[in-house]
Amino acid sequence: MRSFALALGFALCAVPALAQEKVVNVYNWSDYIDPKVLEDFTRETGIKVIYDTYDSNETLETKLLAGKTDYDVVVPSATFLQRQIQAGVYQKLDRSKLPNAKGLWPEVMARLATYDPGNQYAVNYMWFTTGIAYNVQKSQSRTGGKPIDSWDTVFKPENLRKFADCGVYMLDSPEDVLTSVMRWMNINPDSKKPDDIRRAADAVMKVKPSVKKFHSSEYINALAGGDICLAIGWAGDSFQARNRAKEANNGVDIAYVIPKEGSLMSLDNLAIPKDAPHVAEAYQFIDYLLRPEVAARNSSVTNFANGVLTSKPFVDKDVLENRAIYPSEEVMKRLYTVSSNDLATQKVVTREWTRIKTGR
Ligand code: N2P
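Numbering (this note's numbering), first residue to last: 793 to 1152.
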């Protein structure tokens, strides 16, 4: 009897203690998941998700290179992933622990393999373009009624000046902004020549007087609330802004365009840092995100295309049929990707970006 009581007592104390120990520390981009997915994951697995967010690769990279982070799952863009793999930041993935990886999109993984040969260190989470988001009503008078379809609107100083009074934001991301301006200038966006990067930065300097802020997440609410009327932004975020305005029923209509000159296509990917404290939980979390129904929910809520091909039948129709989110073959031809910067090039980029933002 006594041993039964002891055993019961042990069980009562031990179960909550054990349950408390199961955690996964996730560091992801802001506005990049259906929050209910996190709750459902915990309900199903008993693993608590400690979730933290960022809005720039530079922020993530600074933390990863500074030493131990305690993160179990992080989401670097492919160009940064490549450099971080070389720096020894990540562990190789054991595919036997990711059974849902079988649904990954072969073309997307092939593109990712140019940064992570053999797809050894990461699986794709989402992929997307960088384009122009704008307030439809406020743009009308500023473009003379013409639809916005070219980077001319952003990079010709006389054009952008017309938007200055209603508010212009640009992503605080040199990769997105400098490659867009290079493409517009007919410079190879993947050029690593310091001179090309400097010329691109000079062009951004010329339109800077019309830019209210360089920021990579505030533009969603700023567009939705009618506080700004134009942004260089990411497709999913721009459609989130459109949806937030619709929900608020505030009369603001937001559109997003992949300019005719073309857009940068980027891949964000799930990876496990080498020193992750909860590796088993990290695998469970990544595998959960790769479940077709779960990946689809994340796309339906965030308006970003996910890397799981088998999730397509479950993605909301408006998202799946939106050609700026899931581009057609025709649109795909206008998209370009860029390779990773080596450290020397990255230094030039950072210096030029600081010059743009601070004027020094
Ligand atoms: C999510 C932004 C993710 C795209 N808000 C940039 N990596």
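Glycine residues also receive a C-beta, built at the ideal position from the N, C-alpha and C atoms.
Assumed close pair residue i, residue j - CB separation to whole angstroms, cut-off 8 Å
{"i": "Ser869", "j": "Asn849", "result": "5 Å"}
{"i": "Ala1033", "j": "Ile1012", "result": "5 Å"}
{"i": "Ile885", "j": "Val915", "result": "Before going further, note that residue 885 is Leu rather than Ile in the sequence given. So it is a contact: roughly 7 Å between Cβ atoms."}
{"i": "Trp919", "j": "Leu1059", "result": "5 Å"}
{"i": "Val973", "j": "Phe947", "result": "6 Å"}
{"i": "Thr971", "j": "Gly1028", "result": "Not a contact, Cβ separation roughly 18 Å."}
{"i": "Leu1082", "j": "Leu890", "result": "7 Å"}
{"i": "Ala1014", "j": "Gly1099", "result": "29 Å between Cβ atoms; not a contact."}
{"i": "Lys1000", "j": "Ile1148", "result": "6 Å"}
{"i": "Leu1008", "j": "Asp957", "result": "At residue 1008 the sequence reads Ser, which differs from the Leu that was named. Their Cβ separation, rounded to whole angstroms, is 23 Å, which puts Ser1008 and Asp957 out of contact at 8 Å."}
Residues near residue i by beta carbon distance below 6 Å, same chain, minus five either side
{"i": "Arg875", "result": "Ser1132"}
{"i": "Ile765", "result": "Any property of residue 765 remains undetermined from this structure, which presents the chain solely from 793 to 1152."}
{"i": "Met1057", "result": "Thr921, Leu1127 and Thr1129"}
{"i": "Lys814", "result": "Gly838 and Ile839"}
{"i": "Met752", "result": "Outside the displayed span of the chain (793 to 1152) sits residue 752, for which this structure offers no information."}
{"i": "Val818", "result": "Val841, Tyr843 and Val865"}
{"i": "Val1107", "result": "Ala1088, Ser1091 and Ser1092"}
Any non-hydrogen atom of the ligand N2P within 7 Å of residue i CB
{"i": "Asp862", "result": "no"}
{"i": "Tyr1118", "result": "no"}
{"i": "Gly1028", "result": "yes"}
{"i": "Asp1079", "result": "no"}
{"i": "Trp821", "result": "yes"}
{"i": "Ser869", "result": "yes"}
{"i": "Asp780", "result": "This structure gives no information on residue 780, because the portion of the chain shown stretches from 793 to 1152."}
{"i": "Ser1009", "result": "yes"}
{"i": "Phe1006", "result": "no"}
{"i": "Phe1031", "result": "no"}
{"i": "Phe920", "result": "yes"}
Option in the options with minimal Cα separation from residue i
{"i": "Glu1010", "options": "Asn820, Pro966, Tyr846 and Arg1083", "result": "Tyr846"}
{"i": "Glu895", "options": "Asp1079, Asp987 and Lys1149", "result": "The amino acid occupying residue 895 in the given sequence is Gly; Glu does not appear at that position. Among Asp1079, Asp987 and Lys1149, the Cα nearest to that of Gly895 is on Asp1079."}
{"i": "Ser1091", "options": "Phe1031, Ile924 and Thr871", "result": "Phe1031"}
{"i": "Val1044", "options": "Ala1016, Leu1022, Trp1026 and Leu1056", "result": "Ala1016"}
{"i": "Arg856", "options": "Gly880, Ile839 and Glu836", "result": "In the sequence under discussion, the amino acid at residue 856 is Leu, which differs from the Arg named in the question. Of the candidates Gly880, Ile839 and Glu836, the one whose C-alpha sits nearest the C-alpha of Leu856 is Gly880."}
{"i": "Asn820", "options": "Leu1062, Glu967, Phe833 and Lys1104", "result": "Leu1062"}
{"i": "Leu830", "options": "Val1107, Tyr1118 and Ala1087", "result": "Ala1087"}
{"i": "Arg990", "options": "Val969, Lys1004 and Ser1008", "result": "Val969"}
{"i": "Val765", "options": "Ala995, Gly1054 and Tyr917", "result": "Missing from the structure shown is residue 765; the chain here goes from 793 to 1152 and no further."}
{"i": "Pro909", "options": "Ile877, Val928 and Lys1139", "result": "Ile877"}
{"i": "Arg1143", "options": "Val960, Pro986 and Lys1004", "result": "Pro986"}
{"i": "Thr1102", "options": "Pro1084, Lys1109 and Asn927", "result": "Pro1084"}
{"i": "Glu1053", "options": "Ser931, Val1141 and Met977", "result": "Met977"}
{"i": "Val1141", "options": "Asn927, Glu967, Lys828 and Gln912", "result": "Glu967"}
{"i": "Gly1018", "options": "Val996, Ile1046 and Gln1138", "result": "Ile1046"}
{"i": "Arg887", "options": "Thr834, Tyr913 and Ala1037", "result": "Tyr913"}
{"i": "Asn927", "options": "Asp994, Ala1037, Asn951 and Ala902", "result": "Ala1037"}
{"i": "Asn1035", "options": "Phe1106, Asp1110 and Ala995", "result": "Asp1110"}
Other residues of its chain near residue i: CB distance less than 7 Å, five sequence neighbours each side excluded
{"i": "Thr851", "result": "none"}
{"i": "Arg953", "result": "Ser1002"}
{"i": "Val1123", "result": "Ile1050 and Arg1115"}
{"i": "Gln1076", "result": "Thr837 and Ile839"}
{"i": "Tyr1118", "result": "Ala1097 and Leu1112"}
{"i": "Phe955", "result": "Arg934, Ser1002, Cys1021 and Leu1022"}
{"i": "Lys1066", "result": "Gly880, Val881, Tyr882 and Gln883"}
{"i": "Tyr907", "result": "Ala870, Thr871, Leu873, Gln874 and Ser1132"}
{"i": "Thr1150", "result": "none"}
{"i": "Lys1104", "result": "Leu1112"}
Residue i: CB within 7 Å of a non-hydrogen atom of the ligand COA
{"i": "Tyr824", "result": "Annotation note on the ligand COA: not contained in the displayed structure, which lists the ligand N2P as its ligands."}
Close Cβ partners of residue i (< 8 Å) along its chain, the five nearest in sequence each way excluded
{"i": "Asp1134", "result": "Arg875 and Lys984"}
{"i": "Ala1074", "result": "Val816, Asp864, Val865, Ile1064 and Ala1068"}
{"i": "Phe872", "result": "Asn849, Leu852, Glu853 and Ser1132"}
{"i": "Thr1146", "result": "Arg1152"}
{"i": "Asp988", "result": "Met974, Ile979 and Asn980"}
{"i": "Ile924", "result": "Ile940, Trp943, Thr945, Val946, Leu1022, Ala1023, Ile1024, Gly1025, Tyr1048, Val1049 and Pro1051"}
{"i": "Ala799", "result": "Here Ala799 scores only 45 on pLDDT, less than 50, and its place in the model is too uncertain to base an answer on."}
{"i": "Ser795", "result": "For Ser795, the predicted model reports a pLDDT of 43, less than 50, meaning its position is unreliable and no value from the coordinates is stated."}
{"i": "Pro898", "result": "Leu1101"}
{"i": "Ala803", "result": "At Ala803 the pLDDT is 44, less than 50, meaning the model places this residue with poor confidence; the figure from the coordinates comes in the next sentence. Answer for Ala803: no residue qualifies."}
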